[in-house]
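For the sequence shown, this note's numbering gives the first residue as 9, with consecutive numbering after it. Glycine included, each C-beta is placed from N, C-alpha and C at the ideal position. Given the structure is predicted, the values throughout are model-derived calculations rather than measurements. First the structure, in the form of C-alpha cells, and then the observations on it.
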Amino acid sequence: MFVFLRGLIFILLSLHGHALSTIGVSQPACKTVSAVISPTPLSATCGFSGTSYALAGAGTIVAYSAGSPYVASLQACSAQCLANTACTNIYFIQGTSCNLHFGPKAFNNGIGSPLFQYYDRSCFICGATSTPACRTVSGVISPTPSGASCGANGSSYFLAGAGIISGYVAGSIYVSSMAVCAALCLSTATCTSIYFIQGSNCNLHFGPKAFNNGIGNPLFQYYDVGCFTCPAVLETTTSSSNTLLPSSTSGLSTSAHTTTSVPTTVACSTVSGLASPTPTAAICGARGASYAMAGAGTLVAYVKGSPYVASLAACSAQCLATSCCTNIYFIANSNCNLHYGPNAFLINSGNPLYDFYDASCFTCGNLSCSTKTSYNMELTTVFTPPAQCTQGAFTQMDYSSGSIWENAIIPVPTSTITSCYPAQFADSVIASAVSSLILPPFTELVCPLKWETFYFNSTYIICCPTNFTPLLPNYNGNRPGLDAICISEIFMNVLMDVTSYNATAYSTVIATSAPSNGAIIFANAFDGTALYPRASTATTTAS
9 MFVFLRGLIF
19 ILLSLHGHAL
29 STIGVSQPAC
39 KTVSAVISPT
49 PLSATCGFSG
59 TSYALAGAGT
69 IVAYSAGSPY
79 VASLQACSAQ
89 CLANTACTNI
99 YFIQGTSCNL
109 HFGPKAFNNG
119 IGSPLFQYYD
129 RSCFICGATS
139 TPACRTVSGV
149 ISPTPSGASC
159 GANGSSYFLA
169 GAGIISGYVA
179 GSIYVSSMAV
189 CAALCLSTAT
199 CTSIYFIQGS
209 NCNLHFGPKA
219 FNNGIGNPLF
229 QYYDVGCFTC
239 PAVLETTTSS
249 SNTLLPSSTS
259 GLSTSAHTTT
269 SVPTTVACST
279 VSGLASPTPT
289 AAICGARGAS
299 YAMAGAGTLV
309 AYVKGSPYVA
319 SLAACSAQCL
329 ATSCCTNIYF
339 IANSNCNLHY
349 GPNAFLINSG
359 NPLYDFYDAS
369 CFTCGNLSCS
379 TKTSYNMELT
389 TVFTPPAQCT
399 QGAFTQMDYS
409 SGSIWENAII
419 PVPTSTITSC
429 YPAQFADSVI
439 ASAVSSLILP
449 PFTELVCPLK
459 WETFYFNSTY
469 IICCPTNFTP
479 LLPNYNGNRP
489 GLDAICISEI
499 FMNVLMDVTS
509 YNATAYSTVI
519 ATSAPSNGAI
529 IFANAFDGTA
539 LYPRASTATT
549 TAS
C-alpha cells in the first residue's frame, strides 16, 4: 500500500506542471452582441416572446409606436430603457412597438397576440449581476445624494421663480407609483422636484426648492430630481478566471482577476438619429402640445408640401441647422415646427398631438444660439416657379392689416409657404421676419423665370414678380432696394380669389372683386448684384 501511495504522489507531482496547469474554470468576458450582452445573465429573461399581465407595482412607463425612432431597432429601444432609471424591462416588436415598463416582471411566456420580445434591463448591461455603489430602489437611488430631500412629507409654498409645471391626479398612470412619476420628471426638461401621493397626485415642479417639511394638508411626499439618477458608472470587466496554480504549502492555490467599476462619463453616440443615452432632463418623443410662455415661441412652422415634414430626421436636421432652435413639434407629413426659448410643452394635451423633441435629443455636441447664421446670398440659376404660383395666388393676412399679397411666404407668424420662391429668397424673408436680421444684397442675382428685372445701374438690380414694380423707401442711397416691396394694381370689378388667414392660421378662400377704386397687391422684392451686368440704367426686362 505504501508503494502504491508513493507512486500516486509521484504521478500527481509529475502532472503538477502540465495537466493541472490546464485545469480551471473560465468565465468569458462580457460583450454586447446586437444590443444584448453575451453571455446573458443567468437570472434574466432575454428575447422570449409573450405579453404582459396585470401585476401590482408593475406597468407601462411609456409606449412608442410605428413612426418613433425607438421602434427602429432593439438597440434604440434598449438605449431608451437604460436612459430611464425607472425602466426595468421592455416589450419590443421591430418597427411597431417599444414599450418601457417599471416594477417586477409581469411576463407571460408564449402567450398573447401580438407576441412581444421581452427583455429584462439586465440583458443590456455587462456586470449587472454585481452590486453597484449606487443603485435604484423603487425609483429612488441608494444611497440618496447628499443635500437632497428624498421622501420627506410636506407641501409647497410660494417662491418667486418656482412653481408647478403640470399636475396629474387619480386616473392618470403617473400617480400609480412614485417610480413612474419620477420617470416623467426625468423626461421633463424643467422639472426640478415632484410632490407625490400614491394613487392621487403626481405634481412636477420647476425652479428652486419651495418645500415646507411636515406642514400642509394633504401631506405630499417630496423628492428632488437628484433623488432619481445615479452618477454615470462604466463597468470595466477584465478576463475573469480561476486557475489552479502551484503553492509552496498546499500544492494548489487560486488566483482570480476581478471586475472593477470606474466612474466615468458615458460615451454619447447617435442611434437612429437620436443621441444615446438620452440627455439628462431632455424630452424625446413625448406627445402633446405647446402653451404660451414668456420667452418661448415658434421660429418657423413647415407644413404639408415642405421637405422638412417628410421625416423626423429632416425636421431635426433643420432644427440643428437653425440658430436658436431649442425644440421641435412634429407630425409626420404634416408639421415640423421649430421653437425657440425654454420648454413650453404640455404632455398628453392638445389636438392634434405633436411628437415633441428637445434639440439636445438629436446631437452629442453643444447647441448654440447665434445670429451669425450662414445664408446663401447667391442665386446664379434661373428659378422656375410652379404653375400655381403664376396664377394670381392672393393672400390676405390678419397681421398685415388686411393687405393683399401675392404668394405670401409667411401668411401667419407661425407658418411658411415657400414653394413659389427659390430657397435663397424664402430664407431672406424668414430671416428678416423671424430673426430681425437685415441681410446684405445678393452678391450674384438672376431673377426667376418671367419675373421683372429692374436695373438701377449696370450691376444693381431689383427683382419683382410679373406685372409688379418696386416701391422704394428712398432712405438708403447706396442700397435703394433695402426694405423695398413690389406693387401691382388690380382694376375695379376684376374678380379675385383671396385666401384669407386669421390669427390662428385658419384659412378661407374668398371669391371677390376689386372695388371701384381698384386694389393694390403687394409682393416681396429682392435686390443684389446682377449676374449679367448691363450698361443701361433704369430699364426693365422680363427674365
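Sequence-distant residues of the same chain with beta carbon closer than 6 Å to residue i, five excluded per side
| i | result |
| --- | --- |
| Leu503 | Ser521 |
| Glu386 | Thr451 and Glu452 |
| Ser86 | Ala43 and Phe132 |
| Leu13 | Confidence at Leu13 is low in this model, with a pLDDT of 39, below 50, so its placement is unreliable and no value can be given for it. |
| Tyr231 | Cys158 and Ile202 |
| Asp128 | Ala52, Thr53 and Asn97 |
| Lys39 | Ser46 |
| Thr286 | Ala91 and Cys292 |
| Phe391 | Pro430 and Pro456 |
| Gly224 | Gly162 and Ser163 |
| Gly234 | Pro153 and Ala156 |
| Ser314 | none |
| Thr288 | none |
| Ala531 | Glu414, Pro473, Phe476 and Cys494 |
| Asp535 | Pro449, Ile470 and Gly489 |
| Tyr365 | Cys292 and Ile336 |
| Arg542 | Tyr463 and Ser466 |
Bridge partners - residue i, DSSP secondary structure assignment
| i | result |
| --- | --- |
| Gln125 | Ser57 and Phe100 |
| Cys344 | Tyr310 and Phe338 |
| Lys536 | Residue identity differs from the one stated: residue 536 is Gly in this sequence, not Lys. Answer is Phe450 and Ile469. |
| Arg295 | Asp363 |
| Pro478 | Cys494 |
| Ser277 | Ser284 |
| Thr152 | The partner list for Thr152 (beta bridge, DSSP) is empty, contrary to what the question assumes. |
| Leu387 | Leu453 |
| Ser46 | Lys39 |
| Ile205 | Asn209 |
| Trp459 | BP columns for Trp459 are empty, so no partner. |
| Ala527 | Ile498 |
| Thr68 | His109 |
| Ser521 | Leu503 |
Inter-residue CB distance, residue i and residue j (contact presumed, cutoff 8 Å)
| i | j | result |
| --- | --- | --- |
| Asn97 | Tyr61 | Their Cβ separation, rounded to whole angstroms, is 13 Å, which puts Asn97 and Tyr61 out of contact at 8 Å. |
| Leu194 | Thr237 | 7 Å |
| Asn307 | Tyr348 | Inspection of the sequence shows that residue 307 is occupied by Leu rather than by Asn. With 8 Å as the limit, Leu307 and Tyr348 qualify as a contact, their Cβ atoms being about 5 Å apart. |
| Cys95 | Leu108 | 5 Å |
| Ile69 | Ala191 | 5 Å |
| Gly1 | Gln102 | What is shown of the chain runs 9 to 551, which leaves residue 1 out entirely. |
| Asn475 | Ser496 | 5 Å |
| Val506 | Gln399 | Val506 to Gln399, Cβ: 13 Å. No contact. |
| Pro478 | Cys472 | 6 Å |
| Val454 | Tyr316 | Contact flag wrong, Cβ pair sits at about 26 Å. |
| Thr426 | Ala538 | That belief does not hold up - the Cβ atoms of Thr426 and Ala538 are roughly 24 Å apart, past 8 Å. |
C-beta atoms of residue i and residue j nearer than 8 Å
| i | j | result |
| --- | --- | --- |
| Pro449 | Gly489 | yes |
| Ser184 | Gly296 | no |
| Ile470 | Ala367 | no |
| Gly207 | Gly118 | no |
| Ala492 | Ile412 | no |
| Leu211 | Gly175 | This sequence places Asn at residue 211; Leu is not what is there. Yes, these two residues count as a Cβ contact at 8 Å. |
| Ala439 | Ile417 | no |
| Val188 | Phe110 | yes |
| Ala74 | Thr104 | yes |
| Gln432 | Asn384 | yes |
| His213 | Thr196 | no |
| Ala309 | Thr424 | yes |
| Leu361 | Pro77 | no |
| Leu63 | Ala114 | yes |
| Lys312 | Asn341 | yes |
| Cys369 | Ala318 | no |
| Pro112 | Gly65 | yes |
Beta-carbon proximity list for residue i, same chain, < 8 Å, skipping 5 on both sides
| i | result |
| --- | --- |
| Pro523 | Met500 |
| Tyr182 | Tyr176, Val188, Cys189, Leu192 and Cys210 |
| Leu447 | Tyr383, Met385, Ser436, Ala439 and Ser440 |
| Thr330 | Leu307, Val308, Leu346 and Thr381 |
Proximity test, Cβ basis, 8 Å: residue i and chain C
| i | result |
| --- | --- |
| Ala329 | This model lacks chain C altogether, as it is built from one protein chain only. |
Residue i Cβ short of 7 Å to the ligand NAP heavy atom set
| i | result |
| --- | --- |
| Tyr468 | Of the ligands one can find in the structure shown there are none, so the ligand NAP has no counterpart to examine. |
Beta-carbon proximity list for residue i, same chain, < 7 Å, skipping 5 on both sides
| i | result |
| --- | --- |
| Tyr299 | Ala352 and Leu354 |
| Tyr165 | Ala218 and Asn220 |
| Gly120 | Gly58 and Thr59 |
The segment 161-179 / the segment 214-221 touching (three or more Cβ pairs under 8 Å): Between the segment 161-179 and the segment 214-221, the count of Cβ pairs shorter than 8 Å is three or higher; the stretches touch.
At least 3 beta-carbon pairs within less than 8 Å: the segment 308-326 vs the segment 336-347: yes
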